[in-house]
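Q: Quick one: this structure, given as structure tokens, is what I'll be asking you about.
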Amino acid sequence: MHIDPLERKWAYISLGIAALFVSVILFDALFHGVNAPSNVETIDSARLHLSEEFAEDNLGVQVDDNGNIIVRMVAGRYSFFPKHITVPADTPLKFRWASIDVLHGVHMPMTNMSTMIVPGYVSEVNTVLPKPGDYPFLCNEYCGLGHNHMWSKVTVVAKQHWTPPAANKPEGDLNDE
Ligand code: CUA
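Counting with numbering that gives the first Met the number 0, you get residues 0 to 176 for the letters of the sequence shown.
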């Protein structure tokens, strides 16, 4: 098959650009820890209220046996639940998100909290919130007519003013990540 030299040249250039993009993605994934936001951990969104981890009693801020702070939240049209949480500043926080219905996103301005919440998957975000104050969680994926009004409130308080919530979960579950 005859290929015009000029055409061949452009074919090599476009293949080269594609190869460059793939290597940038691979480099970020392997060396900068940039991963797909879903955490690739699956969950049955239709049975979330029955699941151990995301049952209503289990939502919100918890401290596990090792002193790690884990925040479990659920996104559903049109809010994030619980509607209001209080967390300490300057402390590592692990957020775990699940959707009860459609695709949502969560964004907290000026922080690294920005992820899609895909039905069927658990989204995990590790963050440290440096400054005390009131912040919003905003939905940043179009999820229906009420999308613009989908938000909830986060209060960040100074470390020394934060009291851990009373343990409200049965012994020995959910701590093995
Ligand atoms: Cu939820 Cu937009």
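Where is the CB? At the ideal position from N, CA and C, for every residue including glycine.
As the structure is a computational prediction, the values presented were derived from the model and not from experiment.
Name the two residues that bound the continuous beta strand (DSSP E) containing V73.
A: Position 74 of the sequence shown, counted from the first residue, corresponds to residue 73. Run containing V73: 68-75, per the beta strand (DSSP E) assignment.
Q: If C142 and V101 are in contact, beta carbons under 8 Å, what's the gap, nearest whole angstrom?
A: For this step, residue 142 is matched to residue 143 along the sequence shown. For this step, residue 101 is matched to residue 102 along the sequence shown. Contact flag correct, Cβ pair sits at about 5 Å.
Q: Should G66 be labelled buried (16 or more other beta-carbon atoms within 10 Å of its own) or exposed?
A: The residue given as residue 66 occupies position 67 in the sequence shown. With fewer than 16 other Cβ atoms within 10 Å, it is exposed.
Q: Short check: CB of V124 to CB of F94, under 9 Å?
A: The residue you call residue 124 lines up with position 125 of the sequence shown. The residue you call residue 94 lines up with position 95 of the sequence shown. Against a cut-off of 9 Å, the Cβ pair of F94 and V124 comes out as a contact.
Q: Got a sec, what are the start and stop residues for the beta strand (DSSP E) W150 sits in?
A: Taking the sequence shown and counting its residues from 1, one reaches residue 150 at position 151. Note, W150: beta strand (DSSP E), 150-156.
Q: Any residue with its C-beta under 5 Å from a non-hydrogen atom of the ligand CUA counts. Can you list them all in chain order?
A: Listed along the chain, these residues meet the criterion: H103, C138, C142, H146, M149.
Q: Based on the DSSP output, what are the partners of Q61 in its beta bridges?
A: Along the sequence shown, one-based indexing puts residue 61 at 62. Q61 is bridged to I69.
Q: To the nearest angstrom, how far is the alpha carbon of N147 from that of I2?
A: Numbered from 1 along the sequence shown, position 148 holds the residue referred to as residue 147. Numbered from 1 along the sequence shown, position 3 holds the residue referred to as residue 2. So the alpha carbons of these two residues sit roughly 53 Å apart.
Q: When we look at the beta-carbon of M0 and count the other beta-carbons within 10 Å, is it buried (16 or more) or exposed?
A: For this step, residue 0 is matched to residue 1 along the sequence shown. Its Cβ having fewer than 16 others within 10 Å, M0 is exposed.
Q: Using only CA atoms, which one of S13, K130, P135, V39 lies nearest to A97?
A: Taking the first residue of the sequence shown as position 1, residue 97 is located at position 98. The shortest Cα separation from A97 among S13, K130, P135, V39 belongs to V39.
Q: Can you tell me whether DSSP reads W96 as helix, strand or coil?
A: Working through the sequence shown from its first residue, we reach residue 96 at position 97. In this structure, W96 counts as strand in the three-state DSSP scheme.
Q: Would you identify the three-state DSSP class for P12, choosing helix, strand or coil?
A: Position 13 of the sequence shown holds residue 12. The sequence shown places Ile at residue 12, rather than the Pro named in the question. Reduced to three states, the DSSP call for I12 is helix.
Q: Could you check the C-alpha separation between L92 and V127 for me, to the nearest Å?
A: Locating residue 92 in the sequence shown gives position 93, where the first residue counts as 1. Locating residue 127 in the sequence shown gives position 128, where the first residue counts as 1. Rounded to the nearest angstrom, the two C-alpha atoms are 6 Å apart.
Q: Can you round the beta-carbon distance between V23 and I84 to whole angstroms, since I take them to be within the 8 Å contact cut?
A: What you label residue 23 is simply residue 24 of the sequence shown in a count that begins at 1. What you label residue 84 is simply residue 85 of the sequence shown in a count that begins at 1. In fact, because the Cβ distance is near 36 Å, the residues do not count as touching under 8 Å.
Q: Once DSSP output is grouped into helix, strand and coil, what is the label at L25?
A: The residue you call residue 25 lines up with position 26 of the sequence shown. Looking at L25 - three-state DSSP - the assignment turns out to be helix.
Q: Looking only at its own chain, which residues have a Cβ that is under 6 Å from the Cβ of V163, when we skip the five neighbours before and after it?
A: For the purposes of this step, residue 163 is taken as the residue at position 164 of the sequence shown. According to the sequence as given, residue 163 is Pro; it is not Val. These residues qualify, in order along the chain: V62.
Q: Using 10 angstroms around the beta-carbon of Y120, count the other beta-carbons present and answer buried if the total reaches 16, otherwise exposed.
A: Here residue 120 refers to the residue found at position 121 of the sequence shown. Its Cβ being crowded by 16 or more others within 10 Å, Y120 is buried.
Q: On the three-state DSSP scale, how would you describe L49?
A: Counted from its first residue, the sequence shown places residue 49 at position 50. Correct three-state label for L49: helix.
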